[in-house]
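Here's the structure, in C-alpha cells; my notes come after.
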Amino acid sequence: MNYELMVIFTPVLSEEDYKAAQKKFADLIKENGGEVTHENPWGLRSLAYPIQKKTTGMYLVLEYSAPSDLNEKLKIQLNRDENVLRHMTTALDKYAVQYNNRKRNGVNADSKTAEA
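Printed below as a string of C-alpha cells:
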C-alpha cells in the first residue's frame, strides 16, 4: 500500500534537529520493510490555529509504500516524540500516486498528456 505522512514538528527545533527528525522517521519506515518514495520538507509554516500555544510549525511530508502493520508502529513513535505537534497518515490509491508523480514531474496535473 502507498501512504502519505504529514508531520508538524515544534517550531523551536534547530535545522540539525529538524533534519535528524526527518531521518528518524524515514529510517523507521525503511527498517520495517517500507520504502520512502518521496520526501518533502516544507520547513517553517504558519498554522491555521495555535497548537500548544505555538502559531508556526516545521512541516514534513513523506510519501512511502509499506505493509499496513507499519503504520501502527509509526503512530506509536510519532505519539512518543515530544517534538511532534500533529501527524496524519493518509492511504493513497493508485490515482493519488499517479497525480503526485505528475505534479512532481512538472506535468499539468489535470491533463492526461504533457503540453508541448
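Count the sequence shown with my numbering and you get residues 9 to 124, in order. Just so it is clear, CB atoms sit at the ideal spot from N, CA and C, and this is done for glycine as well. From a predicted model like this one, the values you see are computed outputs, not experimental measurements.
Give the DSSP-derived three-state secondary structure of residue i in the structure shown.
i, result
"K111", "helix"
"N48", "strand"
"V15", "strand"
"V92", "strand"
"A99", "strand"
Sort the options by Cα distance to residue i and report the nearest one.
i, options, result
"S73", "M66, H46, N87, H95", "H46"
"F33", "N109, N108, A99, P49", "P49"
"M9", "G114, R112, Y103, N113", "Y103"
"E39", "D25, I84, L78", "L78"
"I84", "I37, A99, D101, Y67", "I37"
"P75", "S22, G41, N113", "G41"
"L55", "Q30, D35, V20, I16", "I16"
"E59", "M14, A29, Q106, T18", "Reading the sequence as shown, one finds Ile at residue 59 and not Glu. Here the closest residue by C-alpha is T18."
Between the beta-carbon of residue i and the beta-carbon of residue j, is there less than 9 Å?
i, j, result
"E12", "V69", "yes"
"R94", "G65", "yes"
"L82", "T98", "no"
"V44", "E71", "yes"
State whether the region 50-63 contacts the region 84-91, with contact taken as three or more CB pairs (one from each stretch) at a distance under 8 Å.
no
Entirely within the region 24-72 and at least 3 residues each: give me those beta strand (DSSP E) ranges in chain order.
43-59
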